[in-house]
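Below is one structure, written out as structure tokens; the observations come after it.
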Amino acid sequence: MTEFLDGPLGRRIAYNRLPGDGPGVVFLGGFKSDMQGTKAVFLEDWARARGQAFLRFDYSGHGESSGNFEAGCIGDWLADAAVAIEALTEGPQVLVGSSMGGWISLLLARALPERVAGLVTVAAAPDFTERGFWPGFSDLERAKLMREGRILRPSDYGEPYVITRRLIEDGRDHLVMAAPLNLPFPVRFLQGTADRDVPVAWASDLLAHAQGEDMRLLLVKGADHRFSTDECLGLIASAVEEVLERT
Numbered sequence: 009m010t011e012f013l014d015g016p017l018g019r020r021i022a023y024n025r026l027p028g029d030g031p032g033v034v035f036l037g038g039f040k041s042d043m044q045g046t047k048a049v050f051l052e053d054w055a056r057a058r059g060q061a062f063l064r065f066d067y068s069g070h071g072e073s074s075g076n077f078e079a080g081c082i083g084d085w086l087a088d089a090a091v092a093i094e095a096l097t098e099g100p101q102v103l104v105g106s107s108m109g110g111w112i113s114l115l116l117a118r119a120l121p122e123r124v125a126g127l128v129t130v131a132a133a134p135d136f137t138e139r140g141f142w143p144g145f146s147d148l149e150r151a152k153l154m155r156e157g158r159i160l161r162p163s164d165y166g167e168p169y170v171i172t173r174r175l176i177e178d179g180r181d182h183l184v185m186a187a188p189l190n191l192p193f194p195v196r197f198l199q200g201t202a203d204r205d206v207p208v209a210w211a212s213d214l215l216a217h218a219q220g221e222d223m224r225l226l227l228v229k230g231a232d233h234r235f236s237t238d239e240c241l242g243l244i245a246s247a248v249e250e251v252l253e254r255t
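Here the sequence shown stands for residues 9 to 255, numbered as in our numbering.
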């Protein structure tokens with residue numbers, strides 16, 4: 009059953025929560041995705057079967073939460089996630105971050121280290137506004153973005169993305185690949201080799217950049233960005249179970 013939390017600056021955050029054993033598991037979705045996605049629902053079913061505490065939620069401007077997607081940025085969605093974890097969970101959590109959620113989870117590890125027991129990412133996209141969007145724009149697109157505050161970019165997932173100047177500029181204030189990144193807990197990075205949104209090189213770069221004693225990268229040949237086949241979902245569950253066993 010969907011419930012609502014009063015979040016930052018009056019934003020209403022929609023969430024689904026399961027009581028259960030800890031450490032709890034928190035799913036962090038991707039850019040313009042929501043908590044009804046295949047991976048989020050699969051993990052809730054997995055957690056229910058195990059009796060594991062679990063939380064999934066929608067960032068502001070996503071899914072059932074309040075707000076306009078175009079008005080949001082990484083800092084806003086990080087604040088939403090931090091408030092949800094602080095208000096709706098107890099003790100350290102295992103974060104499962106998909107795509108942009110991988111970036112958010114890394115920022116949470118930096119901002120709330122005492123609340124993170126472990127980390128699993130799926131096609132993590134840290135710094136994607138600066139490493140993906142910005143260099144992919146033409147000079148004309150960059151000029152239009154700075155002048156008008158927004159441009160449209162095609163998407164493989166439906167309507168074109170609206171990319172705003174605020175999203176780009178705020179992203180520069182939340183980069184994790186330009187400064188030391190300490191992850192002192194079990195970490196598992198999952199990445200498909202056929203991902204057209206997040207290059208495999210980004211996963212290798214993240215593994216090389218982050219500091220931690222229990223960190224592994226699993227590459228799945230032929231898996232795409234959705235990473236939602238039965239096999240891929242099973243790999244996510246196995247990675248979360250492995251992290252839980254090591255916490």
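For each residue, glycine too, the CB sits at the ideal point set by N, CA and C.
Taking only three categories from DSSP, how would you classify residue i?
i: T46; result: helix
i: G220; result: coil
i: A125; result: strand
i: V228; result: strand
i: R161; result: strand
i: V184; result: coil
i: V130; result: strand
i: R234; result: coil
i: R20; result: strand
Along the chain, where does the beta strand (DSSP E) containing residue i start, and where does it finish?
i: S106; result: 101-106
i: V195; result: 195-200
i: L13; result: 11-14
i: V91; result: No beta strand (DSSP E) holds V91; the alpha helix (DSSP H) holding it covers 82-96.
i: V170; result: 169-172
Let me check one thing: in DSSP terms, what residues is residue i bridge-paired to?
i: F62; result: L26, V33
Rounded C-beta distance between residue i and residue j? I'm assuming under 8 Å.
i: V206; j: S106; result: With 8 Å as the limit, V206 and S106 do not qualify as a contact, their Cβ atoms being about 10 Å apart.
i: L86; j: L115; result: 5 Å
i: P226; j: L243; result: Residue identity differs from the one stated: residue 226 is Leu in this sequence, not Pro. Contact holds; Cβ gap of about 7 Å.
i: D181; j: G83; result: 7 Å
i: G99; j: P31; result: 6 Å
i: T137; j: I93; result: Their Cβ separation, rounded to whole angstroms, is 23 Å, which puts T137 and I93 out of contact at 8 Å.
i: T172; j: E78; result: 6 Å
i: R155; j: S74; result: With a Cβ gap of about 29 Å, R155 and S74 do not count as contacting.
i: P134; j: W111; result: 4 Å
i: A132; j: F197; result: 6 Å
Short of 6 Å in beta carbon distance, which residues of its chain neighbour residue i, apart from the five on each side in sequence? Order them along the chain.
i: D88; result: G15, I21, Y67, S68
i: F35; result: A48, L51, R64, V104
i: A8; result: The requested residue 8 does not occur in the structure, where the chain is confined to residues 9 to 255.
i: R158; result: V170, T172
State the start and end residues of the unbroken alpha helix (DSSP H) segment that holds residue i.
i: E72; result: Taken as a continuous stretch (DSSP letters only), E72 belongs to no alpha helix (DSSP H), as it is neither H nor E.
i: K152; result: 147-156
Here's a check: name, in chain order, each residue in its chain whose Cβ is nearer than 8 Å to the Cβ of residue i, leaving out the five neighbours to either side.
i: T255; result: P31, P100, V102, A125, G126, F193, P194
i: E2; result: Because the chain in this structure spans residues 9 to 255, residue 2 falls outside the shown range and cannot be described.
i: A247; result: V128, R196, L198, L226
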